[in-house]
């Protein structure tokens, strides 16, 4: 009965509805990375588990601030003296309020999971069980943050507490954005999110302990009546820090490879990873037509295999056409190709001029030169009469350069064209630079 | 405490409903006074606002009178278990533990704070729950309390929409929701209009088996509703007796428009002279 009252009259409904509204406003209002890469939030279970964690970058300060605002209620309402004369212990008195706040918070998160989950279920072929750990930590982090917020509101019952807490939380996250201290907040760095990786179990375990400590301290602050109680309330977070800080500060990488997602599923000569199983039907036909186009080259490619570009990636042997899905060779998010002609062109390009992992030291000149060489080779292989690039507008001023290279290349005799493409292919597989000079 | 032995009907006619009565409620009191203070001293900040009060109060309505700063609110806050005595002895309900006292206490502070977004009913129910009434009894107890102070028609309105007088009545409702053995009301009639004050006095007169302490500076409230008067001045009890005895203490020479006021003035003047 009292819980029902608190669900209606406290900040709980605002917190629950606010969580949903802000999350979807961020997801659908911005063309953020959560729509791209190998693990879009509504296409892969990994993405659904991890992107809301990443969005906590924006939401965490709001959750803490809302909790602090709720924590001020007794002071704001001048009821401290009256409630202090009632027999129910303060921890028992706090339960309906924090229960309502937590229920609303969890309900908000559940709505996000359900809306995303319905869409993911239609796309995803791979369910990594590690996602449960990511979601579980999120639940603990939300609970811990709400409790800490309410506790801070009680500890420093000033109208300035909620905004100060929220701003401090945001500042901490910005300061810690690329370092391990970010792991002390619920947020992730979005760059870590791919379908081929999962959050390291040691990280999830440490975060579980940490957020349990935060929650226990938060609840302790909510129910503390005397200064002595407040000191005792700090104990759980101190213990949690003692246990988790050594572990988290030594973390090399938040994510580790997820072998299950990388298993190859092959239909004869076309292979995709388990994570992209549903993509096989899309790529099968264009992959085979690409192999057919290239069958007359020496050492002709015989299979198309999806590659997960890790550190130290090198192009596979010439008889294998590397295929990247949702990532480029350097591991950066890329768009999914769905049109057969686009896929065929992409695979022919990969077969002749496979991408090498670049460290960025080559410079723009080399990058554009290689892209032009690749486009010319694709034009040759597909027998196109004119320039063949996927999106001329994206080339901008460099498009002239492509047209010139194509014009020069097509003046060469047919045999010479073939020899040059073969030479180009060998150099590219060797990750050489200045590939355009081989063609022109 | 063992649970309920008896099912009793309340005295509210149509709206009455069966209510579980605890053993403690029906057991005869084993103590002579609900409130017993000996040499009680209580600080308000650095000042010793109550400085050696001897008091023994049993059931009935006790008016606590005194000039501003006499220590009325500090005494009430000590009786309400808000302030710890700095000296002397204070025994409530025959020396019951704090939790038991609080279960059987009703308290309306001078500054009655409330959750603005709660309805009257929700707030009174919340207070009933905090006073550890059995959950099943909470809605009925809240309804009775709201009816007794005449707010039934506004029971489901939010507290923030109520006028000052109505909020004060809601404050009284939360204080009586647990049928307290000791009811402490600090300036309960502040903000009430004359009709509401008469209704409030009527309510007090009906509280025959409760030890009610009403702090007020309105002498006529005491005259109309209290069985007994405690007059506090400079932290001490300067008079305790029946209302008519207070009236008898004054003469025509003392300030005041009524015998009670003249008696009050006479005793305060004597205290000032001491």
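Protein chains in written order, with the working numbering: chain A, 31 to 470; chain B, 471 to 744.
Note that CB positions come from ideal geometry on N, CA and C, so glycine has one too.
Remember, predicted model here, so these are calculated numbers, not experimental data.
Quiz item: Taking DSSP as the reference, what is the three-state secondary structure of residue 300 of chain A?
Solution: strand
Quiz prompt | Per-residue DSSP class, three states only, for residue 689 of chain B | solution = helix
Self-check item: Counterpart residues of residue 556 of chain B in DSSP-defined beta bridges
Solution: Beta-bridge pairing links residue 556 of chain B to no other residue.
Practice problem: Using the Cα positions of residue 52 of chain A and residue 213 of chain A, report the straight-line distance between them to the nearest angstrom. | Solution: 22 Å
Quiz item: Taking just the CA atoms, how far does residue 221 of chain A sit from residue 287 of chain A?
Solution: 14 Å
Quiz item: By Cβ distance, which residues of its chain are closer than 6 Å to residue 124 of chain A, with the 5 residues on each side in sequence left out?
Solution: 252 and 253
Practice problem: Kindly indicate which three-state DSSP category residue 709 of chain B falls into: helix, strand or coil? | Solution: strand
Exercise. Out of A:444, A:133, A:149 and A:346, point me to the one whose CA is closest to residue 72 of chain A's CA.
Key: A:149
Quiz item: Taking a cut of 7 Å between CB atoms, which residues from the stretch 104-121 of chain A lie near chain B?
Solution: 107, 108, 109, 111, 112, 113, 114, 115, 116, 117 and 118
Self-check item: Limits of the alpha helix (DSSP H) - the one that residue 520 of chain B falls within
Solution: Run containing residue 520 of chain B: none in the alpha helix (DSSP H); it sits in the beta strand (DSSP E), 517-527.
Practice problem: Leaving aside the five residues before and after residue 260 of chain A along the sequence, list all residues of the same chain whose C-beta is less than 8 Å from its C-beta, in chain order. | Solution: 185, 250, 251 and 254
Self-check item: Distance between residue 736 of chain B and residue 726 of chain B (C-alpha atoms, nearest Å)
Solution: 9 Å
Quiz item: The beta strand (DSSP E) with residue 37 of chain A in it runs from where to where?
Solution: No beta strand (DSSP E) holds residue 37 of chain A; the alpha helix (DSSP H) holding it covers 32-39.
Quiz prompt | 7 Å CB neighbourhood of residue 465 of chain A in its chain, flanking five on each side removed | solution = 383, 399, 400, 403, 454, 457 and 458
Quiz item: Grouping DSSP H, G and I as helix and E and B as strand, with all else coil, what is residue 561 of chain B?
Solution: strand
Quiz item: Exposed or buried, which one is residue 162 of chain A when buried takes at least 16 other CB atoms within 10 Å?
Solution: exposed
Quiz prompt | Meets three-Cβ-pair contact criterion under 8 Å: the stretch 151-168 of chain A and the stretch 591-607 of chain B | solution = no
Exercise. Work out the CA separation of residue 80 of chain A and residue 371 of chain A for me, nearest whole Å.
Key: 33 Å
Quiz item: Excluding five sequence neighbours on each side, which residues of the same chain lie with their C-beta closer than 7 Å to the C-beta of residue 503 of chain B?
Solution: 526, 527 and 528
Exercise. Starting from residue 328 of chain A, follow the beta strand (DSSP E) in both directions and report where the run begins and ends.
Key: Taken as a continuous stretch (DSSP letters only), residue 328 of chain A belongs to no beta strand (DSSP E), as it is neither H nor E.
Exercise. Could you please tell me which residues of the stretch 590-603 of chain B, in chain order, have their CB closer than 8 Å to any CB of chain A?
Key: 592, 595, 596, 597, 599, 600, 601 and 602
Exercise. Say yes only if the C-beta of residue 122 of chain A is nearer than 7 Å to one or more non-hydrogen atoms of the ligand NAP, and no if none qualify.
Key: As presented, the structure is devoid of all ligands, the ligand NAP included, so that no description of it is given.
Quiz item: If we call anything under 8 Å between Cβ atoms a contact, is residue 524 of chain B one with residue 705 of chain B?
Solution: no
Quiz prompt | Under 7 Å (Cβ pairs) to chain E, residues found in the stretch 31-56 of chain A | solution = Although the question refers to chain E, the structure presented lacks it and instead comprises the protein chains A and B.
Quiz item: Would residue 123 of chain A count as contacting chain B if we go by Cβ distances under 8 Å?
Solution: yes
Quiz prompt | CB contact flag (residue 728 of chain B, residue 534 of chain B, <8 Å) | solution = no
Exercise. Go ahead and pull the three-state DSSP assignment for residue 605 of chain B.
Key: helix
Self-check item: Exposure of residue 426 of chain A, with buried meaning 16 or more beta-carbon neighbours within 10 Å
Solution: exposed
Self-check item: Selected residue, minimal CA-CA separation from residue 422 of chain B, among B:664, B:708, B:676 and B:671
Solution: The displayed coordinates of chain B run from 471 to 744. Any statement about residue 422 of chain B would go beyond what the structure contains.
Quiz prompt | Closest residue to residue 168 of chain A among A:66, A:62, A:238 and A:257 (Cα-Cα distance) | solution = A:238
Quiz item: Short check: CB of residue 669 of chain B to CB of residue 620 of chain B, under 8 Å?
Solution: yes
Exercise. Would you decide whether residue 108 of chain A is buried or exposed? Buried here means 16 or more other CB atoms lie within 10 Å of its CB.
Key: exposed
Quiz item: Who are the neighbours of residue 569 of chain B on chain A, taking C-beta pairs under 8 Å?
Solution: 117
Quiz item: The beta strand (DSSP E) spanning residue 429 of chain A covers which residue range?
Solution: First-last for residue 429 of chain A: 429-440, but that is the alpha helix (DSSP H), not the beta strand (DSSP E).
Practice problem: Could you please give the first and the last residue of the uninterrupted beta strand (DSSP E) stretch that includes residue 703 of chain B? | Solution: 698-703
Quiz item: By Cβ distance, which residues of its chain are closer than 6 Å to residue 580 of chain B, with the 5 residues on each side in sequence left out?
Solution: 543, 656 and 657
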